[in-house]
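Quick notes on the structure that follows.
Numbering (this note's numbering), first residue to last: 1 to 472.
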């Protein structure tokens, strides 16, 4: 390459570099500056939104913690309940005690579910709706084993809560407690499901305890109120708290609605609960039992005793078997086992998964009632019997043939009641009242007349001796 060619080549490259620099400055650097400025502007705008109150009215509640619709639905369907206990003495009637609580409307024609302890022993029950209308309520039935009661008020077209599915509730899920604590009507509090299948030794020995535990604030007056999910569906009936002074201390407990729904239906149809029995006594599987049986998990309901001719006896269950599930629902504890049975009626068939001899087996059986039949049991429902603490029913044909007697059967005795203090125990068959052979009509007549003492004569199942008691 000669000198002239070299200079031409060098000059061309210099021009090319200069042109490239001009293009870079005009386009790339300018665009980069614009992008930098745009990023700065966005950052300023975001900070302004974050720390400014000007934009707050543009926000809406997020899901799943948007409780507004659920609160509005439930507040309209939760009522205040006032129970008056009267003193009937010296031909005068005086109000001498009252309790207050909450209730949940479950049908548009006035059925209301609440806790039994809110209305038991009441002579007069007033229900106050959210619109402040008041009605006198009638008790349609109560159940001591679940602490539930069903009331009815004479009206129609009421808002009511739809039943949800308490089985599908998850620990950690948001729930609302709605009620009237300290007579503060339509109070809504929020919390999460802390545990399920919780037993707290609140009810009697035959009670069904498988509570939903939450940390939603519940106080006196909330009893019988609603526990709802974020859809506004009823998933539980608020029942109890654990507290040293009677006020909220962090835990509250609700009856699962899947259990309560069956109790409500029974009380509507029969006035009493048709309870299904498997015919076993069970305890929780602990580590010692699990190791002795070579179980991989410490879970299940361990069978301590099998009653003769019961539903369990008929399919060969025996002491030492462990019930792992009922209808494919795990029963990791006695609480979960009794909850599943509590949803059933006598005559229903169930499938049980059993652990025996290091193996699992499946059995099917038909549940019975307390007297080993599948009949509907007819109870004597009258407040005069409840006032002395007696739950009574007529003997079935099967029982009459078995004991070769006629009478009225004491199915339960309320703790600390007049009957309890007279030492009457469940299983007592009343054969005579004030020396006269007992009938439903005669029993009602004598107790209505209320001439004390009332003398009862009868016997217990499987005991030949005659036992006499006085109701004073």
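For glycine and all other residues, C-beta sits at the position ideal for the given N, C-alpha and C.
Under the three-state reduction of DSSP, residue 222 is assigned to coil, being neither helix nor strand.
Judged by their CB atoms, residue 171 and residue 195 are nearer to each other than the 8 Å cut-off. For residue 472, same chain residues with a beta-carbon under 6 Å away, outside a window of 5 residues either side, are 452 and 453 in chain order.
Here residue 399 is buried. Its C-beta has 16 or more other C-beta atoms within 10 Å.
The Cβ-Cβ distance between residue 460 and residue 429 falls below 8 Å. The residue among 315, 379 and 74 with its C-alpha nearest the C-alpha of residue 237 is 74. For residue 325, the beta-bridge partners assigned by DSSP are 330 and 353. With a cutoff of 8 Å on beta-carbon distance, residue 216 and residue 252 are scored as near each other. CA-CA distance, residue 318 to residue 269, rounds to 35 Å.
About 4 Å separates the beta carbons of residue 105 and residue 160, which is inside the 8 Å limit, making them a contact pair. Counting the other Cβ atoms within 10 Å of the Cβ of residue 463 gives fewer than 16, which makes it exposed. One Cα belongs to residue 78, the other to residue 338, and the distance between them is close to 28 Å. 387 is the residue among 433, 387 and 408 whose C-alpha sits nearest the C-alpha of residue 416. Within the segment 360-444, the complete alpha helix (DSSP H) segments at least 4 residues long are 383-386, 397-403 and 418-421, listed from N- to C-terminus. Where residue 152 is concerned, there is no enclosing alpha helix (DSSP H), although the beta strand (DSSP E) around it starts and stops at 148-152.
Contact annotation: residue 200 and residue 242 have beta-carbon atoms nearer than 8 Å.
For residue 238, the secondary structure class from DSSP, reduced to helix, strand or coil, is strand.
Judged by their CB atoms, residue 83 and residue 125 are nearer to each other than the 8 Å cut-off. Residue pairing for residue 305: DSSP places it in a beta bridge opposite 281.
Residue 167 carries a helical assignment under DSSP once its states are collapsed to helix, strand and coil.
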